[in-house]
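J.:
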Amino acid sequence: MPPFYGNLLVRFNAGFLILASAGGLFTDIAGSFFGRGPEAILLGDAPGSGIGFIEAHGLALIIGVALWRIAYSRNWHAVLAAVHVLLGTANLAFWQFFVAADVLVVGYVTTAAHWLFVVAHLAALAGSARLAAASSH
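In the working numbering, the protein residues as written are 3 to 139.
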């Protein structure tokens, strides 16, 4: 993949992480500290368990902001594929949280996006490796 398109993919991914994680943090804080929103049902009896939600969404926000500002390197595709494997797998492993909070649409959209980013970044990594190999001959 040419660097222009690779950088575009990284930027698009960063934008997704920033927006999705900011929305997640908003609902995490509302559910954990104020007993409001879709997570309130999950956190009502144990608001401290919201720490995992807040950490995950906070780290995704930090990664998104860092990626928005970082110089492009094809190596970021491997890192981002790994990030989305983790996030997509966590969504699937804890799918019942989406059901219990009655936010299945959020679950479908974010989980599908995570796996689409995995495929896109692996394809970009493979394509940039082919370009690098072709240019070295």
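Here a beta-carbon is modelled for each residue, glycine too, at the ideal position from N, C-alpha and C. From a predicted model like this one, the values you see are computed outputs, not experimental measurements.
Taking D30 as part of the alpha helix (DSSP H), name the residues at either end of that continuous run.
T.: P5 to F36
J.: Closer than 7 Å by C-beta to D30: which residues in its own chain qualify, once you throw out the five before and the five after it? Chain order, please.
T.: Sequence-distant Cβ neighbours of D30 in its own chain, meaning closer than 7 Å and more than five residues away, are E41, G52, F55, I56 and H59.
J.: Report yes if the C-beta distance between L44 and A103 is below 8 Å; otherwise report no.
T.: yes
J.: Identify which residue in A125, V121, V120 and T112 has its Cα closest to the Cα of S23.
T.: T112
J.: With 16 other CB atoms within 10 Å as the buried threshold, where does S37 fall?
T.: It should be pointed out that residue 37 corresponds to Gly in this sequence rather than to Ser. Looking at its Cβ environment, which holds fewer than 16 other Cβ atoms inside 10 Å, G37 is exposed.
J.: Between which residues of its own chain and L69 is the CB-CB distance below 8 Å, once the five residues before and five after are set aside?
T.: A distance below 8 Å between beta-carbons, with the five flanking residues on each side excluded, links L69 to the following residues of its chain, in chain order: V12, R13, N15, A16, L19, W78 and L82.
J.: CB-CB under 6 Å to H86, same chain, minus the five flanking residues each way: which ones, in chain order?
T.: Excluding sequence neighbours, H86 sits near H116, F119 and V120.
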